[in-house]
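Residue numbers (the numbering used here), protein chains in the order written: chain A, 1 to 449; chain B, 1001 to 1450.
We put the CB at the ideal spot given by N, CA and C, even for glycine.
A quick write-up on the structure given underneath.
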Amino acid sequence: MKGRERQTDNQDAEVSRRAFMRGAAAAAAFTIVPRHVLGGPGYTPPSEKLNIAGIGVGGKGAGDIGGVSSENIVALCDVDEEQAGKTFEKYPQAKKYSDFRKMLEKEKNIDAVVVATPDHVHAVASMMAIKMGKHVYCEKPLTHSIYEARMLTEAAREAKVATQMGNQGHSGEGTRLICEWIWAGAIGEVHEVHAWTNRPIWPQGIDRPAETPLVPPTLAWDLWLGPAPERPYHPAYLPFKWRGWWDFGAGALGDMACHIIDPVFWSLKLGYPKSVEAVSTKVNSETAPTASIIYYEFGAREGMPPVRMTWYDGELMPARPQELEEGRMMGSRNGGALFVGDKGMLMCGCYGKNPRLIPESKMQEFERPAKTIPRVEGHHQDWIQACKGGKPACSNFDYSGPLTEVVLLGNLAIRTGKRIEWDGENMRVTNVPEANRYVRREYRAGWTL
Amino acid sequence: MNRRDFLLSTATGFAAFTIVPRHVLGGPGHTPPSEKLNIAGVGVGGMGKNNLENLSDENIVAICDVDRKFAGEVFEKYPDAKKYRDFRRMLEKQKDIDAVVVATPDHTHAVISMMAIKMGKHVYCQKPLTHSVYEARKLTEAAREHKVATQMGNQGHSGEGIRLICEWIWDGAIGPVREVHAWTDRPVWPQGIGRPEDTPSVPETLDWDLWLGPAPDRPYHPCYLPFSWRAWWDFGTGALGDMACHIIDPVFRALKLRYPTSVEASHSYDVREMWKKVDNKETYPRASIVRYQFPARGDMPAVKLTWYDGGLLPARPEELEPGRQMGKEGNGVIFVGEKGKLMCGCYGESPRLIPEAKMKEYKRPAKTLPRITGGVNGHEKDWARACKGGEPASSNFDYSGPLTESVVMGNLAIRNPGERLDWNGQNMKVTNVAEANEYVHRQYREGWTL
C-alpha cells in the first residue's frame, strides 16, 4: 500500500507523517526499519516510499525524475507541455500542473520536490517547498543569485528538511579519492588550481532579439518567466538556451562550475574567497560572454595555505602541464581540474572523474591512503535516504549553498569588470560598491522568496 | 658607382657617418646623406599615409595602391608622385626609386618587400613584417644579402620606453625574469565569423585581383577591406599579428628572445545553434591565449610568455595599487622578475616598476642605449638615415624578422588549439604535430612568387 493513498483525505495525518520525516532527516544515523516495527498509520518509515513532485521535468528534470522513480511520483509540474510531454506520459498517475505554487498548495501529500527548472526559478520553487516542510532536490547551480543561495541554505537548515543539489559528481568515487589523496599529502600543499569547461555549447555574447514571435500554445510564458523581469517570448530563450541569458541562467560558469569546482571546493575546504577578478570577451547586459577567465583568491584554511583558483570557459584552457605526457587529454570532454601542489600535480575530469597524479609514473608509485570517506549509492538515492531519515545527503545545501555562492560570485565579477574584494559572511563587495547590485535581484511583482 | 649603389653600400658599410653636403661628394649619380631619397609608397590608404607623412622630408616619387578610393586623399596629397595600382609595374617602370614603404595588408608584405629588396631598394615594411614564418625568414635573409636598409613599422622600437625597459632589466631591477604576460584589447574588428555567401560587385575604384595578390582567389566582399582583412586567415594575422609586434617588442628585446621552444594556444568559439561550435577556419577567434616557452639565453633563465587578446587579461598583480590602470588603454605587459615586477603599456610606453613605491626607490641606471631622434615619431626617419648610410635602423629585419617569426608562429598554435607545439626555430618546423606545419608557409596563387 502506498502512503499517499492512505493519506489523501487526512491532512493531519499527512502533516504528522511529514513532520516525522523531517525529524528523521536531521538524525545523524538512521537504520532502515520495516514499516511494521514503527507501526500505525500516518507514518512513512524509511522502508516506505516517498511522494515526490517534479518541478521542471522536461530537460535535466526528466533524468532527475527517473533517478527518483523508485518512489511515488505523485505530481509533475512544467510550464512547457511540449518539452515536458514525454515525462508527463511516462507517469500517467501523477497529477499535472503548470504552476508549482498551485501544485504545492493543492497536493497535500507531497513529501519532497525535485526542482529542475531554469536557474532563475530554482530559489522561489525550492523556498516555497522548504517552507512547507518538504525535502528538496534542486539542480545546480542551486540558485540564480548569491543572496538566494544563502537564504535557501538557511531556510533548509531551519526547516530541517533533507536537501541535495544536483551536482551528481559529488556522489562519485572520483571526488572522494581526490579528497583522500590531497588530505594524505599526495601533492603537498596546494597553492594553485585550474578548472575549465568546454561550455557554453549554446549562444552567448549576443543581444536581445528584436522580433516578438507568438508564444506557442503549449507554453505558459508568464510562468516560465516567473520572478524574472517581463520580456516578450522568443525561442532564443528555451529550451536550454536560457543558460546564456543573465535574467535566466548563470552562463557556462553556472552550468558547469558546480560540477567541476566541486572536488576543489571539497578537498581544499575552500569556503568564501577573498577576492575575485574576471576577464572575458565583450560583456553585455543581456548574455554571458563567449569566453571568460575568472581568478579567485582564497585565504588560508584549516592548515591549508592560501590558494588561487582560475576558471576558464568557452574552450579557454590553462597551460598544459609539463608533467602530462604527450597525447594525453587534459581533463575530460566537458572540462577538468588541475591541482598544483608543491610536491606534485593532480588532474581530473569533469565531476571529479578519473583523478590521476601526473605524470602517470607518479600515480603508479603512489601508495593510496585508506578510503575513509563513506561512499554513496547514487546521488538521488543518497537524498532519498536522507529524506527517510538517513544521514544528510552528501551535497546538502549546507555544502552546496556556499559552493553555489562562490560559483555565482564569478558572474558578479564578470559583470562588474573589476577585481572585487569579497566579504563572504556578509555577502558584500567591499571595494566596488556598485557591484553589490548583482548579489541579489529584484523579483517581478507577485513573486517572493 | 651609381646613386643607388652608393646608398646601398653606405647603408651597411659605415658604422658612423657624418652628414656631408652634396658638393663635397660631388657629381651627379650620387646621393650623399644630405640629399633626399626617392621614396615609393605601396599601400598608402591606411598606416602608409602616416609613414609617408613622417618621411615628407624626402622625395615621394611614386605611390601605389589597388584601391583608388581608399588611397584617394593620399594620391591628391602628392601631386608630383606617379600613381600606380600594381607595385610590380611601378618597380619595373620607375627607375629612380631608392626606397619603398610597404603598408599593404599582411598577405602582400613579403612579395612586395622581396621584389624591392632584390632590386636593391631599401624597405620600410609595416608590422607584422610578413604573413608567414617562412616569409619573414626569407625576407630577413634577402635583406642581409642585398645589404639594403630595412625597418619594420613597430615604431615603439624607436621610443624611450623600450630603452628604459632594457636598461632597467639588464640592471637587474626586477631580477631574473621567468614569466611575462602581454595583452591587447584587439580585435576591434569582427573575428570568429564565417565567409560571406553574397558576392557584391567589385567597386570600380578597386582592383580586386591585385588586392588579393598571392592569396587564394575568392570573390570580393566589403567585409575584407579596408582594415578588417586583419581578421581573415588568408589576409591578416589576427589580433596577435596586429599588436604583438608592438607589445611583445620590449619583451623580445629586453629578454633577448629569439625562437620559442614550444607554443600552445586556446581560444573562444562562437556558438550560434545549440551544440554547434563554429570551427572557424576563415577568421581568427574572438579571443585567444597563446603560451610561448622560451629557452634560457646566456645568463637569462627560461621564460614563459603568455599572450592574451580579445578582452582576456592576466590576473591583476597585487603590487598594482587599487584604481591604477593595468597596462595602458587596453594593452600592456607585465614582466614578473624574481625581485619585482615591471609594467608597461603598448609600444613599451610608460614603464614602471610596481608598486609605485618601488619605482620611487629605484636608482635608475645610466642611459646607455642610443636614443632615436624623435622617438616613436622618428622611426621612419631612423630608417631614412640608415638608407643614407647611417647605422642600421633600430628595428631592421635582422631584429624584426625573428620577432615576426615568433609572433606569427603563435597562429600555428591558434590553428591547433590544445596541442603543445614543439618548435624548431632554426628549421621553422613543428616537430611533434606534423599537420601544424601547414601554415609555416602559405601557398601562393599562381603567378605570384616570393
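Check, Outcome
"Sequence-distant residues of the same chain with beta carbon closer than 6 Å to A116/A, five excluded per side", "G56, K60, G61, D64 and E139"
"Boundaries of the alpha helix (DSSP H) in which A156/A is found, first to last residue", "I146 to A159"
"For G1156/B and R1385/B, the rounded distance between their alpha carbons", "17 Å"
"Same chain, Cβ closer than 6 Å to I1112/B, neighbours up to 5 away in sequence not counted", "V1042, F1087 and V1102"
"As assigned by DSSP and simplified to three states, the class of K241/A", "helix"
"Nearest-angstrom beta carbon gap, F1397/B and M1090/B [assumed within contact, 8 Å]", "Going by Cβ atoms, the distance from M1090/B to F1397/B rounds to 22 Å, so no, they are not a contact pair."
"Three-state secondary structure (DSSP) of Y312/A", "strand"
"Terminal residues of the beta strand (DSSP E) in which F298/A lies", "S292 to F298"
"Under 8 Å between C-beta atoms of E277/A and R419/A", "yes"
"Residue range of the beta strand (DSSP E) that includes C387/A", "Where C387/A is concerned, there is no enclosing beta strand (DSSP E), although the alpha helix (DSSP H) it sits in stretches over H379 to C387."
"Cβ-based neighbour list, H1107/B, same chain, cut-off 6 Å, excluding 5 preceding and 5 following", "H1131, A1215 and F1235"
"Distance between Y1259/B and S1406/B (C-alpha atoms, nearest Å)", "6 Å"
"Identified DSSP bridge partners for Y1292/B", "V1263/B and L1305/B"
"Any chain B beta carbon closer than 8 Å to A24/A", "Here the model assigns A24/A a pLDDT of 47, short of 50, so the residue's position is not dependable, and the following value carries that caveat. A24/A does not count as touching chain B."
"Nearest residue (CA-CA) to R1371/B, options D1382/B, R1364/B, Y1362/B and E1361/B", "D1382/B"
"Amino acids of chain A, ordered along the chain, whose beta-carbon sits closer than 7 Å to that of L1313/B", "V279"
"Closest residue to Y1078/B among Y1399/B, K1277/B and E1053/B (Cα-Cα distance)", "E1053/B"
"Minimum C-alpha distance to E1380/B - residue among L1369/B, K1281/B and A1393/B", "A1393/B"
"Contact list for the stretch 285 to 298 of chain A against chain B, Cβ threshold 7 Å", "T290, A291, I293 and Y295"
"Beta strand (DSSP E) runs wholly inside the stretch 1109 to 1140 of chain B, at least 3 long, in chain order", "1122 to 1125"
"N- and C-terminal bounds of the alpha helix (DSSP H) containing C1245/B", "G1238 to I1247"
"Proximal residues, the stretch 405 to 422 of chain A versus chain B, C-beta separation under 8 Å", "R419"
"Short CB-CB distance (under 8 Å) between G1418/B and chain A", "yes"
"The stretch 1249 to 1267 of chain B touching the stretch 1412 to 1419 of chain B, judged by at least three CB pairs closer than 8 Å", "yes"
"Amino acids of chain B, ordered along the chain, whose beta-carbon sits closer than 8 Å to that of N431/A", "P1322"
"Chain-ordered chain B contacts of M427/A [CB-CB under 9 Å]", "Result: empty, since nearest Cβ-Cβ is about 21 Å, beyond 9 Å."
"V222/A versus T1431/B: straight-line alpha-carbon distance, rounded", "For clarity, residue 222/A is Asp in the given sequence; the question names Val instead. So the alpha carbons of these two residues sit roughly 59 Å apart."
"Backbone secondary structure at G1345/B - three-state DSSP", "coil"
"Three-state secondary structure assigned by DSSP to W1189/B", "coil"
"Pick from F1252/B, F1075/B and A1287/B that is closest to I1334/B, judged by C-alpha positions", "F1252/B"
"Residue interval of the beta strand (DSSP E) (run including A75/A)", "N72 to C77"
"Of the residues V79/A, W181/A and P213/A, the one placed nearest E189/A, counting alpha carbons only", "W181/A"
"CB contact flag (P1128/B, T1404/B, <8 Å)", "yes"
"Rounded C-alpha distance that separates Y351/A from P263/A", "8 Å"
"Exposure label - M329/A; buried when at least 16 CB within 10 Å", "exposed"
"Inter-residue spacing [alpha-carbon to alpha-carbon] between P1021/B and E1058/B", "Low local confidence applies: a pLDDT of 43 at P1021/B is under 50, so the model's placement there is unreliable, and no value is given."
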